[in-house]
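Peer 1: Take this structure, written in structure tokens, and hold onto it; I'll ask about it next.
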Amino acid sequence: ELGLYFCLPAVAGHVLRERGAEVPPDLVGEKVRPALTVLPMGWSWSLCLCQAVLRQAIFEAGFSDAEVVADRGVPPRLRAEGDRCVFGYVDNFGVLACSAAAAWEG
Numbered sequence: 023e024l025g026l027y028f029c030l031p032a033v034a035g036h037v038l039r040e041r042g043a044e045v046p047p048d049l050v051g052e053k054v055r056p057a058l059t060v061l062p063m064g065w066s067w068s069l070c071l072c073q074a075v076l077r078q079a080i081f082e083a084g085f086s087d088a089e090v091v092a093d094r095g096v097p098p099r100l101r102a103e104g105d106r107c108v109f110g111y112v113d114n115f116g117v118l119a120c121s122a123a124a125a126w127e128g
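Going from the sequence shown to the numbering used here is simple: count from 1 and add 22.
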């Protein structure tokens, strides 16, 4: 069970409520396991998931697979006025283009 890795030890719901936590009424009399609602720093899959979200955002912004600079991939060629490419890593990205109009397109 992943709860063993990502949750705190079980505690009575009423104890959490007494200390100001929001506990649903049906769990006040139960033991609950408080859990993270964010990706934990240092967890190896956190980085992978962040990169996947950024990659999806790049495609939703209108870039094609051929325009993405990727690890071990063939870099896109920028020769003509409308050529552009995009690169991203976790929480940073950049667009390279032969013109400002091409960079802002999409």
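Yeah, the Cβ is synthetic: ideal placement off N, Cα and C, and Gly gets one too.
Suppose you measure from the CA of V45 to the CA of C29; what does that come to, to the nearest Å?
Peer 2: 15 Å
Peer 1: Between the beta-carbon of L71 and the beta-carbon of L100, is there less than 9 Å?
Peer 2: Taking 9 Å as the cut-off, the Cβ atoms of L71 and L100 do not count as close.
Peer 1: Measuring CB atoms only, is the segment 55–64 touching the segment 88–104, in the sense that at least three cross pairs come out at less than 8 Å?
Peer 2: Because the criterion of three Cβ pairs below 8 Å is not met, the segment 55–64 and the segment 88–104 do not touch.
Peer 1: Can you list, in chain order, the stretches of the beta strand (DSSP E) that have 3 or more residues and sit fully within the segment 56–97?
Peer 2: none
Peer 1: Determine the DSSP secondary structure at G51, reduced to helix, strand or coil.
Peer 2: coil
Peer 1: Who does F109 pair with in a DSSP beta bridge?
Peer 2: Under DSSP, F109 shares a beta bridge with G116.
Peer 1: If we count the other Cβ atoms within 10 Å of its Cβ and call it buried at 16 or more, is G104 buried or exposed?
Peer 2: exposed
Peer 1: Between L76, S68, A43 and R41, which lies nearest to F115 when the distance is taken from Cα to Cα?
Peer 2: L76
Peer 1: Over what stretch of residues does the alpha helix (DSSP H) that includes R39 continue unbroken?
Peer 2: G35 to E40
Peer 1: Take G35 and list the residues in its own chain whose beta-carbon comes closer than 6 Å to its own, dropping the five residues that flank it on each side.
Peer 2: V45, L49, V50, E52 and V54
Peer 1: Are the Cβ atoms of V108 and Q73 separated by less than 9 Å?
Peer 2: no
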